[in-house]
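At position 19 of the sequence shown (counting the first as 1) the number is 19 in UniProt numbering, and the numbers step up by one without a gap. These notes concern the structure reproduced below.
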Amino acid sequence: MALTKKQRAELRMKFGGRCAYCGCELSDKWHADHVKPVIRFDGKMLHQEHDDISNLVPACHPCNLHKHCSSLEDYRRIIGDGRREFLVSGKGKALVRMGLVEMKSDPVVFWFEKYQEGATA
Numbered sequence: 001m002a003l004t005k006k007q008r009a010e011l012r013m014k015f016g017g018r019c020a021y022c023g024c025e026l027s028d029k030w031h032a033d034h035v036k037p038v039i040r041f042d043g044k045m046l047h048q049e050h051d052d053i054s055n056l057v058p059a060c061h062p063c064n065l066h067k068h069c070s071s072l073e074d075y076r077r078i079i080g081d082g083r084r085e086f087l088v089s090g091k092g093k094a095l096v097r098m099g100l101v102e103m104k105s106d107p108v109v110f111w112f113e114k115y116q117e118g119a120t121a
């Protein structure tokens, strides 16, 4: 769906001008991401019912590309799997041993799940 400038400005501020997923401050190149994905294939859109402003969140370019057409729970799993894969890799183990990276086993919680309007980051 094409957003008006007003809708885009409002969406950008939905979570304090931050990415709904990682919480980074949004640059000028941010994306409007469908939480429940619409899948575009061969010039057609599957799940057109998800193409609604209530299903959009602001996302930074890297998070939007990484999430791609994943559901929220699939994206959460992808992040968790990536963390585990990194930890068992040789580079990951070395960085942890050297104290350069701290690996946490906390559950994957997205910024929008922690965000409270009016709170500061």
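Just so you know, even glycine gets a beta-carbon here, dropped at the ideal spot from N, CA and C.
Judged by DSSP in its simplified three-state form, F110 adopts coil rather than helix or strand. In this structure, I39 is the residue among V101, I39 and G23 with its C-alpha nearest to the C-alpha of M1. Around the CB of P62, fewer than 16 other CB atoms lie within 10 Å, so the residue is classed as exposed. DSSP lists no bridge partner for M13. The C-alpha of H31 is placed about 12 angstroms away from the C-alpha of K67. Here A9 is exposed, its C-beta having fewer than 16 other C-beta atoms within 10 Å. DSSP, read as helix, strand or coil, puts H34 in strand. Taking a 10 Å sphere around the C-beta of R18, we find 16 or more other C-beta atoms and assign the residue as buried.
Rounded to the nearest angstrom, the gap between the Cα atoms of G80 and L65 is 17 angstroms. Under the three-state reduction of DSSP output, L26 falls in the coil class, being neither helix nor strand. Assignment of L46 by DSSP, reduced to helix, strand and coil, places it in the strand class. Residue environment for L46: exposed (fewer than 16 other C-beta atoms within 10 angstroms of its C-beta).
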